[in-house]
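Protein chains in written order, with full-length UniProt numbering: chain A, 1 to 481; chain B, 1 to 481.
Positions of the beta carbon are idealized from the N, C-alpha and C atoms, including for glycine.
Here the structure comes first, spelled out in structure tokens, and everything after it is commentary.
What follows is the structure, given as structure tokens:
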């Protein structure tokens, strides 16, 4: 789908030029182009090529088939942020019947991409592979039998993988026309988060007026999408967890009760806040991206006819690299439920992951149509947290993993300027040092922890001994009496 | 709620007379009555009293407080059909604020009542207790602060228990006005089956056009209700299991594909029939009243975004009395699911039982309003299988347990005529003999089974020995070479 192994065919420099013009002016290019028109590569294209870490295509006139190349992020193996590398792919991808080629503008970053990098997401093919489930861009070529898309159409794309590159080839059913007035950033931010939130709330959740919803990670991409979708229904109470610094933003976004999960027990907070004081069950819907013990907590907060939707195991992500202990613990604590318990509670437990729905084109198309409608009505609007160049994908992933974002993190295919790159290189050095420090601190903390545990153990044993002594004394007394 | 322990106050014979008139003419009595008007008991009431196995109230004029009595079915202990006995309760139940007294016409029989009799349903208080979750009748008295009901209103009643008697006292929120044109039989048949089917299909199931639904026991009360509700949505495909003799009726009722679960493997049948030939997952919704291994089968038939609603464990009911082995086996095989499996399948598993929703008055009221609306539009209509007198409750339960019904089994409070009773007594003798024969046959079958198993075991051992001999020969050959 992503055309990694496609043979070189031709280069369409005119499209590249058009793309750059758009990046500058942000105005849509309505005039349709044909992809078969050969044209020498203009000098402006060389900046893009130079941005990659492989030689630039010859500035002299050359056969297009040999010179078509594009930058792509490639996961080279499972591990830390540095495992995703920027490479140049050569050769124009072949178009099969029903497929289109899209010149990518922006890509969306998702939690599944972080899981995938650690080898925890089985929907990504084995490395080397280009990650990424969503992007926005302009159609550059259409395959045979494609009647519903034409060259020049602005589209957003949702796909199993392979979206983090400048050129993608996908089935036309995986592309959706961008509504008037939508930016490429918004278009890249929308598919995964809004389709996920939409299907969870309205298909599994059957959200209705006057209901109450718990949204974990309410400042994340799905969190903000879910909050906005809740607000399209009358009088829905949204409980949203996020660290305190994000509360103002998510409150403005529609969260009724913000809860700082770092300093408060959210279960207690919900019980305290909830209007049904006599009940221990407060929620109609719980959206749970965390997994592990949090799923149990959410389940126990459900009202009769309540629905818990589990859609991830973010608790498994404890650091830059896979932490087997944390993965095992999260897996072990993962929620398992017996139908007789569900019957007695009148509850529903659902599992959702868009990555496993990639063949359900009709379902996705329906949900997308509904979401687009809400966008056109101004009822939803993706919130962009930040935009990174492809070169900065490590920083982008770090920001997400450390939960510093409020809204969507975007990657742009726009090339980085030379001066930016130099600054970037400096920062990189600092970050590496910083990471080392963090690692050292972790080790230090672990040592301290171990020492503390040892102390406690000793204390306990001491206490046990005391207890035993007291018991013995008691016994002795009894015997005396 | 059911007024078992209420003190004697007064008897309202006029209401009884009115009730009998209605049973004869089937026309609604619109003129409101007051329950405080004293009146001597008419002679027609004596037949009713005589029907019970306790002395009839005195035919002479007596103070009402002492003479108010009514017949009630009482579960006297857990066990077979004979554990439900017809008794006479004395004393007029007291009315609290917000309560109404209903003179019962018809009662509905449900699977939960069968479970309850065997001690397998924890929502029924301990015996002695009057079972029954639904009835229809006429309001005979209203308590303080009741403004939405008046004496003479025809209502259907949904309650945790206590509905199988001539007089019930319930909170007004548990009563619902009968729509114009609805018979008392229909009104008693509607609450449990239709609210159950409605909430399962539309709240948990989120049923939409073009979807497919599997309905087990499609000729049962919930099965017929669910089929009718499916037909209110465009182009829903209904797979319905029932024994072959019921297929014609359920086909006419709306089942698209009838499956005889006794002679066919329904999983194979669904896979064969289903239009999506390339998929092994065929269903959007599975309604599962069976439990045990059938829940696993249903789960594996679900499409992505599919919902399984487990609403019982009918597989636990293997005979007239509790069969601990079957209960344990069903429990052991009962479905348990891990959220990570749900996530990968994009599936939902729900549990439903109306008996645990009795405090959710708002939820029930909304569902009931929707169901009544569909009734008024002629889109649903309870199908009555048969109507039994209170004296015949054992036969009624047997018919349900042996799955001989197509539609709802109803109990009427109308007294049985003398000649009917004599016939009944004869039949009873025959039935007892029949039950004994069945029990003997079971024992015989078990013996035969055991004998067969023993034979098979021997055959297997023989086969093993043969295998061993063959192996030995092989070994010997090898050594020779």
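Extent of the continuous alpha helix (DSSP H) run through residue i
i, result
"residue 273 of chain B", "266–273"
"residue 236 of chain B", "From DSSP, residue 236 of chain B is part of no alpha helix (DSSP H); its letter is neither H nor E."
"residue 247 of chain A", "247–253"
Whether residue i touches residue j by CB criterion (9 Å)
i, j, result
"residue 196 of chain B", "residue 311 of chain B", "yes"
"residue 99 of chain A", "residue 169 of chain A", "yes"
"residue 322 of chain B", "residue 77 of chain B", "no"
"residue 173 of chain A", "residue 102 of chain A", "no"
"residue 284 of chain A", "residue 212 of chain A", "yes"
"residue 218 of chain A", "residue 189 of chain A", "no"
"residue 129 of chain A", "residue 199 of chain A", "no"
"residue 419 of chain A", "residue 389 of chain A", "no"
"residue 336 of chain A", "residue 338 of chain B", "yes"
"residue 384 of chain B", "residue 371 of chain B", "no"
"residue 269 of chain B", "residue 239 of chain B", "yes"
"residue 124 of chain B", "residue 160 of chain B", "yes"
"residue 392 of chain A", "residue 368 of chain A", "no"
"residue 86 of chain A", "residue 229 of chain A", "no"
"residue 304 of chain A", "residue 360 of chain B", "yes"
"residue 387 of chain B", "residue 406 of chain B", "no"
"residue 214 of chain A", "residue 299 of chain A", "no"
"residue 293 of chain A", "residue 282 of chain A", "no"
"residue 114 of chain A", "residue 317 of chain A", "yes"
"residue 227 of chain A", "residue 259 of chain A", "no"
"residue 413 of chain A", "residue 248 of chain A", "no"
"residue 320 of chain B", "residue 80 of chain B", "yes"
Where the beta strand (DSSP E) through residue i begins and ends
i, result
"residue 149 of chain B", "Element bounds for residue 149 of chain B: n/a, residue is neither H nor E."
"residue 222 of chain A", "No beta strand (DSSP E) contains residue 222 of chain A, which is instead part of the alpha helix (DSSP H) from 221–230."
"residue 162 of chain A", "Run containing residue 162 of chain A: none; DSSP gives neither H nor E here."
"residue 497 of chain B", "With chain B running from 1 to 481 in the structure shown, residue 497 of chain B is simply not present."
"residue 73 of chain B", "69–75"
"residue 133 of chain A", "From DSSP, residue 133 of chain A is part of no beta strand (DSSP E); its letter is neither H nor E."
"residue 207 of chain A", "First-last for residue 207 of chain A: undefined, no H or E at that position."
"residue 201 of chain A", "First-last for residue 201 of chain A: undefined, no H or E at that position."
"residue 212 of chain B", "212–215"
Any non-hydrogen atom of the ligand COA within 8 Å of residue i CB
i, result
"residue 173 of chain B", "The ligand COA is absent from the structure shown, which contains no ligand whatsoever."
Residues that DSSP places opposite residue i in a beta bridge
i, result
"residue 190 of chain A", "Its beta-bridge partners do not exist; DSSP assigns none."
"residue 257 of chain B", "B:239"
"residue 103 of chain B", "B:138, B:167"
"residue 87 of chain B", "B:72"
"residue 158 of chain B", "B:134"
"residue 410 of chain A", "A:108, A:387"
"residue 283 of chain B", "B:302"
I'd like to know if the region 328–344 of chain A and the region 132–146 of chain A are in contact, where contact means that at least 3 CB-CB pairs between them fall below 8 Å. no
Assess contact between the region 395–404 of chain B and the region 174–190 of chain B, defined as three or more Cβ pairs (one per stretch) separated by less than 8 Å. Is contact present? no
Segment contact, 8 Å Cβ cut-off, at least three pairs: the region 230–240 of chain B with the region 200–209 of chain B: yes
Mind the definition here: the region 101–118 of chain B touches the region 126–134 of chain B only if three or more C-beta pairs lie below 8 Å; say whether that holds. yes
Unbroken alpha helix (DSSP H) runs of length 4 or more, entirely within the region 285–364 of chain A: which are they? 293–300, 324–333, 339–345
Which whole runs of the alpha helix (DSSP H) in the region 363–393 of chain B are 4 residues long or more, in chain order? none
For the pair the region 215–232 of chain B and the region 286–305 of chain B, tell me if three or more CB-CB distances fall below 8 Å. yes
For the region 342–351 of chain A and the region 338–349 of chain B, state whether three or more C-beta atom pairs, one from each stretch, are separated by less than 8 Å. yes
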